[in-house]
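S.K.: Dropping the structure in here first, questions after.
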Amino acid sequence: MRQWTLVLAGGLLLGACGLIPGFGGPKVSGQFQGNWSDVAQGLRLALVGLTTEGRVNYSNQLEIKDPSLTKGYLMELPPEATEGSYWVVAYRDDDNNGRYSDGDTVLGNTCGKYLLYANGSGTKLYWVGSPKQLKVKHGWNGYDAQKGGDPYQASVYSDYDLYRSGQCP
C-alpha cells in the first residue's frame, strides 16, 4: 500500500511540474539577459495582455517572484485566458500592491516574443509589435515577431529571454 501512495504522490508532483503530458499546462521559460545586478530583491514577473492598439491591458496577468535573481525563470501559463497577445515583463512593484499595475516600473521584456491565446483555431488579428493576421490553433501559441513565420504550439515555450528595457538585440 505504501508503494502506491509514493507512486501516486510522485505522479502528482510530476504532473504539477508539467513533466507528464496533459498535466500542469504549458509553460514559458527564459534567461535574464544583460546586466540585472542593479535590480534589488523583489523583482517580479507578469504575463501581460496587449490590445491590438498596442496599449497594455492589465486584466489578465500571472505573477511570480524571483527574489534571488537566479538567471532564469519558468512560469506556468493559465489554462484559459482572454483571446489576445501576451508577453512576459519583469517589473518593480513601485506601488506595493502586489501585482503589475500602472504605477510600476517595467525593467525588461521578451523583445518581440509573444504568447498568443486563441479561443478557436483560424486566422485572427493579434498585436505583435503591430497588428498582424496570424493563423493560430486553439490554446496557447508562441510567436517571434523578429523572425516572423507561423505561430507554434509547445508544452514549454523556451528562450523567452528577458532583456533590460532598451537593450533588445
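Position one of the sequence shown corresponds to residue 40 (this note's numbering), numbered consecutively onward. C-beta: ideal position from N, C-alpha, C; glycine also. Every value quoted in this text rests on a predicted model; they were computed, and no experiment measured them.
1) Could you tell me which residues DSSP pairs with A129 in its beta bridges?
2) Taking the straight line between their C-alpha atoms, what separation do you get for E122 and P170?
3) Suppose you measure from the CA of G187 to the CA of G168; what does that come to, to the nearest Å?
4) Report the option in D134, G137, V128, K163 whose CA atom is closest to the CA atom of K152.
5) Quick one, are the C-beta atoms of V145 and M114 less than 8 Å apart?
6) How big is the Cα-Cα spacing for N136 and V175?
7) Report, in whole angstroms, the separation of the C-beta atoms of A193 and G181, which I expect to be a contact under 8 Å.
8) Are the beta-carbon atoms belonging to K163 and L173 less than 8 Å from one another?
9) For Q172, report the span of its beta strand (DSSP E) as first-last.
10) Keeping to the same chain, check which residues put their C-beta closer than 8 Å to that of G111; ignore five residues upstream and five downstream.
M.R.: Quick answer:
1) Within the DSSP bridge table, the entry for A129 names L84, G147 as partners.
2) The straight-line gap from Cα to Cα measures roughly 14 Å.
3) As the crow flies, the alpha-carbon of G187 is around 11 Å from that of G168.
4) Comparing Cα-Cα distances from K152 to each of D134, G137, V128, K163, the minimum goes to V128.
5) Not a contact, by the Cβ cut-off of 8 Å.
6) If I take the Cα positions, the gap works out to 35 Å.
7) Confirmed, about 6 Å.
8) Contact: yes.
9) Run containing Q172: 170 to 175, per the beta strand (DSSP E) assignment.
10) Closer than 8 Å at the Cβ level, and outside the excluded window around G111, lie S68, G69, Q70, F71.
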